[in-house]
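This report concerns only the one structure given below.
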DNA sequence: CTTGCTATTGATCGTGCGATCAATAAGATT
DNA sequence: AATCTTATTGATCGCACGATCAATAGCAAG
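Residue numbers (my numbering), protein chains in the order written: chain A, 4 to 223; chain B, 4 to 223.
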């Protein structure tokens, strides 16, 4: 099989090595949750000694917190990219819900759960978690407010609606980790509730047509 | 301070000792979450050797799963007892939401989070978690259906409403663990959403009068 | 008082954790 | 080619985990 002994790691610039370690921690977190992010697991993933990982980090508490932020921020950027092509706030919201709830994202959900759980005992992590929750709130709020501007949505308090959506997504995603009900049912529950909250006709937030409205790409 | 050496534990009947261990695990879980439920921590809590705890359990996986069930079932029984005295479904629902979200239950919330998280890797725990989720669904569904019967609530699908409520409670409680917003705001978000979903007038689910309608106790 | 049953213990094994530090060797500089 | 800088390592510490097992000691029955 694979060789039992690890060759000495190539010498790299501190910046490059630090980036590798961050990436390794990222991967480990997606595979095993934040609890799995340990000196040894990250070192093995990067192909390096645990001592080197320790050398690049003040302590594991901050590596875990930073990794949480990286994982969640990356996911948010990805989702933002997915919904961006849709032209109307309604379609964007539908795509957002569909993406979040119905396209297996258990790995990121597990990271969120660990963040809330571990955050009780790690101040840096708790701060990171609150920061990402605010970022998500900001993203969703933008869509809701846009819909209110165009008149598509009817909501007296967009802030509350955004929070409502995220609260349900968080709760139902957590439930999904132990296979409670199926993704489609979870999606329907959320779309129904949101259509209600936004004064939309039933079905308005059902899965958007798979091909997003094409945004003509500017010539490079 | 306290003596450094532990006296030999008194000899007890297996049933009694097993009950002590269950109780010890229960306490440990409430204090530190399911991750803290370990051979050594439970043994220390009970005042006994780790080996004895191991002796009474097939392995830690099942003790953790059983402890989860015990903690959550106890909480549900407590909540059921709190809302029972209220006479109308509306008051019962208001009391339920108020109790769940606005009276610090971070300890039990942490146990839920650990259940979802650890449940990914422990089959017995995952089963236990699903079982308790069903139990909660049953409790809430009873209240919602009662309200529909009396005509207080207008809901086409009580199942969905119950799930909606629990999904939000789970999500917002998790958020609360890292001090995201305050309990009152979380409660308001839920009551507003549910009043909407149940066709209730605004404010109908606001915190019930603190003194529940007295149920005449039967003479013993 | 002696005997038998068994609840309880102490010792121990192997694993994985975070962390530290002197020693090493790869690459850049001269 | 010799020298310097520093990225990387190996060794090690102390701790906590789950698990196992022969030895011990408390209690009840005889």
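Using N, Cα and C, we set each Cβ at its ideal position, and we do this for glycine too. Just so we're clear, the structure is a prediction, and the values are computed from it rather than from any experiment.
Can you tell me where the alpha helix (DSSP H) with residue i in it begins and where it stops?
i: residue 59/A; result: 53-59
i: residue 119/A; result: 109-122
i: residue 95/B; result: 92-105
i: residue 161/B; result: 161-179
i: residue 131/A; result: 126-153
i: residue 195/B; result: 186-201
i: residue 44/B; result: 42-49
i: residue 71/A; result: 63-86
i: residue 27/A; result: 17-35
Just to confirm, are residue i and residue j a CB contact at a threshold of 9 Å?
i: residue 125/B; j: residue 177/B; result: no
i: residue 12/B; j: residue 42/B; result: no
i: residue 195/A; j: residue 163/B; result: yes
i: residue 64/A; j: residue 127/A; result: yes
i: residue 167/A; j: residue 209/A; result: no
i: residue 27/B; j: residue 14/B; result: no
i: residue 173/A; j: residue 122/B; result: no
i: residue 106/B; j: residue 53/B; result: no
i: residue 136/A; j: residue 96/A; result: no
i: residue 129/A; j: residue 181/B; result: yes
i: residue 179/B; j: residue 82/B; result: no
For residue i, which residues of its own chain have a beta-carbon under 6 Å away from its beta-carbon, when the five flanking residues on both sides are left out?
i: residue 32/A; result: 40, 70, 74 and 114
i: residue 171/B; result: 193
i: residue 94/A; result: 211
i: residue 202/A; result: 157
i: residue 59/A; result: 21 and 24
i: residue 206/B; result: none
By the 10 Å Cβ neighbour count, where 16 or more other Cβ atoms means buried, how is residue i classified, buried or exposed?
i: residue 44/B; result: buried
i: residue 8/A; result: exposed
i: residue 211/B; result: buried
i: residue 6/B; result: Residue placement at residue 6/B cannot be trusted, given a pLDDT of 44 that sits under 50; what the coordinates show is reported in the next sentence. Flag for residue 6/B reads exposed.
i: residue 92/B; result: buried
i: residue 46/B; result: buried
i: residue 72/A; result: buried
i: residue 23/B; result: buried
i: residue 117/B; result: buried
i: residue 36/A; result: buried
i: residue 198/B; result: buried
i: residue 204/A; result: exposed
Sorted by chain position, which residues of the same chain lie with C-beta nearer than 7 Å to residue i's C-beta, five sequence neighbours on each side aside?
i: residue 79/B; result: 138, 139 and 142
i: residue 57/B; result: 42
i: residue 149/B; result: 92
i: residue 153/B; result: 92
i: residue 223/A; result: Low confidence applies here, because residue 223/A scores a pLDDT of 48, under 50, leaving its location unreliable; read the following figure in that light. Taken in chain order, the list of residues that qualify is empty.
i: residue 165/B; result: 140, 143, 144 and 147
i: residue 1/A; result: There is no way to answer for residue 1/A, as the model of chain A reaches only from 4 to 223.
i: residue 38/B; result: 117
i: residue 66/A; result: 28, 40 and 60
i: residue 19/B; result: none
For residue i, which residues in the same chain have their Cβ closer than 8 Å to its Cβ, ignoring the five residues on either side in sequence?
i: residue 119/B; result: 132
i: residue 240/A; result: No answer is possible for residue 240/A: the residues shown for chain A start at 4 and end at 223.
i: residue 34/B; result: 110
i: residue 76/A; result: 135 and 138
| How do the stretch 83-92 of chain B and the stretch 136-147 of chain B stand: do at least 3 beta-carbon pairs fall below 8 Å, yes or no? | The stretch 83-92 of chain B, when compared against the stretch 136-147 of chain B, does touch it at the 8 Å Cβ threshold.
| said: Using 8 Å as the cut-off, can you tell me whether the stretch 155-163 of chain A makes contact with the stretch 103-121 of chain B, which would need three or more C-beta pairs spanning the two stretches below that distance? | reply: Counting C-beta pairs closer than 8 Å gives fewer than three between the stretch 155-163 of chain A and the stretch 103-121 of chain B, which falls short of the contact rule.
| Meets three-Cβ-pair contact criterion under 8 Å: the stretch 178-198 of chain A and the stretch 91-100 of chain A | In this structure the stretch 178-198 of chain A lies against the stretch 91-100 of chain A, because at least three pairs of beta carbons, one per stretch, are closer than 8 Å.
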